[in-house]
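Here the structure is laid out as structure tokens; the discussion comes afterwards.
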Amino acid sequence: MTADAQELGRFLRAHREARDPAAVGFASGGRRRTPGLRREELAAVANLSMQYLKRLEQGAHKEPSEEVLDALSVALGLDDDARAHLFALAGRTVERRARPGRAEVSQEVETLVNRAMPGIALVIDRRRDIVIRNRAFDLLLDGFAGLTATARPNLVDLMFRDPAARALWRGSWALVAADAVAHLREQLRGGDEEAIVEELLSSSSEFAAMWSRYDVRCSCTPRHVVHHPTVGELTLTTTTLMLGDGDLQFVMWEPTGERAQTRWADHVAASGQRALRLVERARP
18 MTADAQELGR FLRAHREARD PAAVGFASGG RRRTPGLRRE ELAAVANLSM
68 QYLKRLEQGA HKEPSEEVLD ALSVALGLDD DARAHLFALA GRTVERRARP
118 GRAEVSQEVE TLVNRAMPGI ALVIDRRRDI VIRNRAFDLL LDGFAGLTAT
168 ARPNLVDLMF RDPAARALWR GSWALVAADA VAHLREQLRG GDEEAIVEEL
218 LSSSSEFAAM WSRYDVRCSC TPRHVVHHPT VGELTLTTTT LMLGDGDLQF
268 VMWEPTGERA QTRWADHVAA SGQRALRLVE RARP
């Protein structure tokens, strides 16, 4: 990712406003006109001049030193993912490396997805495009128009723009959607990946609100509840596995509890011919 002074400024402001003043020794009570830390407070903690910090937040200075970025990371209480994203916005070297083109899966990974049946399995890339998925995934998302609208549907797009997502996740939707946004931002490297963000910003006010929080830390809740129109309520346990150099991620959802597992396995088996086609391979 090349340096982006405007995004860097927005990132700093968002995290400053989200920072609890008490965490860095300031009183959090009383009348505070702004949420979180005041600019002068952050400048003091990071040992920067307030004018310099103001220029950073306004996007007027795009090449802060690594020492400045480190100081801001500590003052803002950033975790490793958020710190890496801050450095990337400033055009500094980060561990993750951008690679052109779209990642494809190996035959071994395709076999892994196949053998997950009746578990719900898919492989996604950095921009959360679904590269491959098994038929159990299609059965879970039965009724999602966006699943068949394109050769390579996007998981975040399905969460925000397909009405069926709210019916499926119900009370868990906000948490699952926020995690999806955090994962997307953490993986964002510019170029082709940014197109999906622009589409969602223009079409979903809820995505725009979550995106503006600049979260790159997900709750990573291992379980979430779905309400399938045929099987009923299921608590799904999530298993994830980074593949190769990290451009692809294997995701598997499995029902929790013997009775739920049996209900789901019976539903997959009863789908007959649909379940015989185990992998839906997306083509670029």
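When the letters of the sequence shown are read in order and numbered with this note's numbering, they come out as residues 18 to 301.
The beta carbon of each residue, even a glycine, is placed where N, CA and C say it ideally should be.
Mind pulling the alpha helix (DSSP H) runs of 4 or more residues that sit fully within the region 194 to 256? 210 to 220, 222 to 228
Closest to ARG106 by CA distance: which of ASP21, ARG27, TRP270, LEU175 is it? Here residue 106 refers to the residue found at position 89 of the sequence shown. According to the sequence provided, residue 106 is Leu. The question's Arg does not apply to it. It is ASP21.
Quick check: the Cα distance between GLN75 and GLU24, rounded to an integer number of angstroms? Looking up residue 75 in the sequence shown gives position 58. Looking up residue 24 in the sequence shown gives position 7. Whole-angstrom Cα-Cα distance: 10 Å.
Residue of LEU175, LEU217, GLN204, ARG169 minimising C-alpha distance to PHE161: Taking the first residue of the sequence shown as position 1, residue 161 is located at position 144. Comparing Cα-Cα distances from PHE161 to each of LEU175, LEU217, GLN204, ARG169, the minimum goes to LEU175.
Nearest-angstrom Cα distance between THR273 and LEU157? In the sequence shown, residue 273 corresponds to position 256, counting from 1. In the sequence shown, residue 157 corresponds to position 140, counting from 1. For THR273 and LEU157, the distance between alpha carbons rounds to 15 Å.
Can you tell me whether GLN68 is buried or exposed? The criterion is at least 16 other CB atoms within 10 Å of its CB, across all chains shown. As a first step, residue 68 is located in the sequence shown; it is residue number 51 there, counting from the start. It counts as exposed.
Taking Cβ to Cβ, would you say HIS102 is nearer than 7 Å to VAL233? Position 85 of the sequence shown, counted from the start, is the residue given in the question as residue 102. Position 216 of the sequence shown, counted from the start, is the residue given in the question as residue 233. Yes, these two residues count as a Cβ contact at 7 Å.
Buried or exposed for GLU271, going by 16 or more other Cβ atoms inside 10 Å? Start at 1 with the first residue of the sequence shown, and residue 271 comes out as number 254. So GLU271 ends up on the buried side.
Where ARG132 falls, given that 16 or more other Cβ within 10 Å makes a residue buried: The sequence position of residue 132 within the sequence shown is 115, counting from 1. Counting Cβ neighbours within 10 Å, ARG132 comes out exposed, since fewer than 16 surround it.
Residue range of the beta strand (DSSP E) that ALA40 falls in? Taking the first residue of the sequence shown as 1, we reach residue 40 at position 23. First-last for ALA40: undefined, no H or E at that position.
Which word fits GLU58, buried or exposed, when buried means at least 16 other C-beta atoms lie within 10 angstroms of its C-beta? The count along the sequence shown starts at 1 and reaches residue 58 at position 41. It counts as buried.
For SER90, count neighbouring Cβ atoms within 10 angstroms of its own Cβ and tell me buried if that reaches 16, exposed if not. The residue labelled residue 90 in the question sits at position 73 within the sequence shown. It is buried - the Cβ of SER90 has at least 16 other Cβ atoms within 10 Å.
For the region 215 to 227 and the region 235 to 253, state whether three or more C-beta atom pairs, one from each stretch, are separated by less than 8 Å. no
Where PHE310 falls: helix, strand or coil (DSSP): With the chain covering only 18 through 301, there is no way to say anything about residue 310.
Give every residue of the same chain whose Cβ lies closer than 6 Å to the Cβ of PRO81, excluding the five residues on either side of it in the sequence, and list them in chain order. Against the sequence shown, residue 81 aligns to sequence position 64. Cβ neighbours of PRO81 beyond the five flanking positions: ALA107.
Report the partner residues of ASN131 according to the DSSP bridge assignment. Here residue 131 refers to the residue found at position 114 when the sequence shown is read from its first residue. None; ASN131 has no bridge partner.
Between ARG144, VAL130, ASP283, which has its C-alpha nearest SER216's C-alpha? Locating residue 216 in the sequence shown gives position 199, where the first residue counts as 1. A small correction: the amino acid at residue 216 is Glu; Ser does not occupy that position in the sequence shown. The residue with the shortest Cα to Cα distance from GLU216 is ARG144.
Pairwise C-alpha distance: THR254 and ARG152: On the sequence shown, position 135 is the one that residue 152 refers to. On the sequence shown, position 237 is the one that residue 254 refers to. Cα to Cα, the separation comes out at about 18 Å.
Cross-strand partners of PRO272 (DSSP beta bridge): Position 255 of the sequence shown, counting from 1, holds the residue named residue 272. The partner list for PRO272 (beta bridge, DSSP) reads LEU253.
With H, G and I counted as helix, E and B as strand and the rest as coil, what does DSSP make of LEU258? Within the sequence shown, the letter at position 241 stands for residue 258. Note: LEU258 maps to strand in three-state DSSP.
Quick check: the Cα distance between ARG72 and GLY249, rounded to an integer number of angstroms? Residue numbering aside, residue 72 sits at position 55 when the sequence shown is read from its first letter. Residue numbering aside, residue 249 sits at position 232 when the sequence shown is read from its first letter. So the two alpha carbons sit approximately 54 Å from each other.
Under 7 Å between C-beta atoms of ALA99 and VAL62: Mapped onto the sequence shown, residue 99 falls at position 82. Mapped onto the sequence shown, residue 62 falls at position 45. Contact flag unset, no.
With GLN75 as the anchor, note down where its alpha helix (DSSP H) starts and where it stops. Against the sequence shown, residue 75 aligns to sequence position 58. First-last for GLN75: undefined, no H or E at that position.
Could you give the DSSP three-state label for ASP21: helix, strand or coil? Along the sequence shown, one-based indexing puts residue 21 at 4. If DSSP states are grouped into helix, strand and coil, ASP21 belongs with coil.
C-alpha distance - ARG55 paired with ARG33, whole-angstrom precision: Position 38 of the sequence shown, counting from 1, holds the residue named residue 55. Position 16 of the sequence shown, counting from 1, holds the residue named residue 33. About 8 Å.
Where LEU293 falls, given that 16 or more other Cβ within 10 Å makes a residue buried: Taking the first residue of the sequence shown as position 1, residue 293 is located at position 276. Residue confidence for LEU293 is low, a pLDDT of 34 falling below 50, so the modelled location carries little weight; the figure read from the coordinates is stated next. Per the 10 Å Cβ criterion, exposed.
Local Cβ density within 10 Å of PRO180, reported as buried at 16 or more and exposed below that: As a first step, residue 180 must be located in the sequence shown, where it is residue number 163. Its Cβ having fewer than 16 others within 10 Å, PRO180 is exposed.
Which whole-angstrom value is the C-beta distance of LEU201 and VAL173, which I expect to be below 8 Å? Here the question's residue 201 lines up with position 184 in the sequence shown. Here the question's residue 173 lines up with position 156 in the sequence shown. Indeed, because the Cβ distance is near 5 Å, the residues count as touching under 8 Å.
Within a Cβ cutoff of 6 Å, which residues of the same chain sit near THR252, ignoring the five residues on either side of it in sequence? As a first step, residue 252 is located in the sequence shown; it is residue number 235 there, counting from the start. Closer than 6 Å at the Cβ level, and outside the excluded window around THR252, lie ARG240, VAL242, THR273.
Nonlocal neighbours in the same chain, by C-beta distance under 6 Å from PHE43, ignoring five residues either side: What you label residue 43 is simply residue 26 of the sequence shown in a count that begins at 1. GLU58.
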